[in-house]
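Everything in the sequence shown is counted per the numbering used here, starting at 9 for the first residue and increasing by one.
Working notes for the structure below.
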Amino acid sequence: MQGSVIKKLLMEKILCVGESLIDMICTDKGKHLSEGENFLKKPGGAPTNVAAAIAALGGDVELAAKIGKDPFGQHLIDVMDSFGVSTKWMLQDENYFTTFAFVSLMEDGERDFYFNRGADGQLSRDEVDAINLEKFSIVHFGSATAFLPGPLQIAYQSLLQKSLLQEIFISFDPNYRSLLFQNDQRSFIDQSWNFLDCCHFFKASDEEAMMLTGRSTLTDAVNDLLLRTTSVFAITLGKEGTLLGFDGETKIIPSI
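Shown next as structure tokens:
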């Protein structure tokens, strides 16, 4: 049953929109970024990862994102091409560098994180309005940077409204990053609910579910989501698996 559903979804044409960036991962374990000397370059950005996964599974997917007209932006295009993702809407900007996220893992499990934002936030409303949505059955929004002030924030809202008008299936991943919104968590929550109120599917972590509902336990958060949304949703629980919710019911899917 699950296999047939996945196969059907992969037959649809999917548009992923959001950040495409370079993760610079410090390989000097336990060192702060200020101390690290060795870094591993990896393509990143949640919508970018989703697009690559869909293509790897045989799906028909395009990625809409803004990157710099530089070697790192070209690297992202090359990687997406290698997966089979259509890069028509991976637009290169001559005036902004490709966005970077620098990460180092500390001994206590915490992360030292620094975000150097460039081109990803420059994807504009006019650019997404030029996308012919009629050929897409699903639009996936991933919002790690899209709710920060700038052109991408406006473009996201425009694309959401156009998708709703054309009755396209909407998928949403809040993808909260505390270091990006630590001074304005309320804005992130409010903007997320603009999508949660109308999307058909969303995925969140257990911590995100509690934050978005204002609840202190996962059980209360899930009950709120069941009451407040009509979406199918997936709450990731780490090694405990994934909780699926829909139509007043829940089910735990074990981790593989």
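Just so it is clear, CB atoms sit at the ideal spot from N, CA and C, and this is done for glycine as well.
Asked: How is E118 classed by DSSP in three states: helix, strand or coil?; Found: coil
Asked: Just verifying my parser: in three-state terms, what is the DSSP assignment at V93?; Found: coil
Asked: In its own chain, which residues sit with a C-beta less than 7 Å from the C-beta of G58, not counting the 5 before and 5 after it?; Found: One detail in the question is off: residue 58 reads as Val in this sequence, not Gly. If we look at V58 and ignore the five residues flanking it on each side, its Cβ neighbours are C24, H148 and G150.
Asked: Within the present structure, is the beta-carbon of R119 separated from the nearest heavy atom of the ligand GTP by less than 7 Å?; Found: Of ligands this structure carries none, so the ligand GTP is not represented either.
Asked: Measure the alpha-carbon distance for E27 versus T227 and round it to whole angstroms.; Found: 31 Å
Asked: Using the rule of at least 16 other Cβ atoms within 10 Å of the residue's Cβ for burial, across every protein chain shown, is L251 buried or exposed?; Found: buried
Asked: May I ask you to report which of helix, strand or coil DSSP gives G246?; Found: helix
Asked: Determine which residues share a DSSP beta bridge with G150 and list them.; Found: D181
Asked: Span of the beta strand (DSSP E) holding L48?; Found: F47 to G52
Asked: Where does S42 land, buried or exposed, given buried means 16+ other C-beta within 10 angstroms?; Found: exposed
Asked: Examine the Cβ distances between the segment 212 to 226 and the segment 157 to 167 and report whether three or more of them are shorter than 8 Å.; Found: no
Asked: Since K170 is in the alpha helix (DSSP H), which residue starts that stretch and which ends it?; Found: P159 to L173
Asked: Which same chain residues, not among the five before or five after R133, have their C-beta less than 6 Å away from its C-beta?; Found: I162, A163 and S166
Asked: Tell me the rounded alpha-carbon separation between E135 and D116.; Found: 43 Å
Asked: Compute the Euclidean distance between the alpha carbons of L113 and G38, then round it to the nearest angstrom.; Found: 6 Å
Asked: If you draw a straight line from the alpha carbon of H83 to that of L65, how long is it in whole angstroms?; Found: 22 Å
Asked: Taking one C-beta from the segment 209 to 217 and one from the segment 239 to 249 each time, how about it: are there three or more such pairs within less than 8 Å?; Found: yes
Asked: Taking the alpha helix (DSSP H) that D134 belongs to, which residues open and close that run?; Found: R133 to D137
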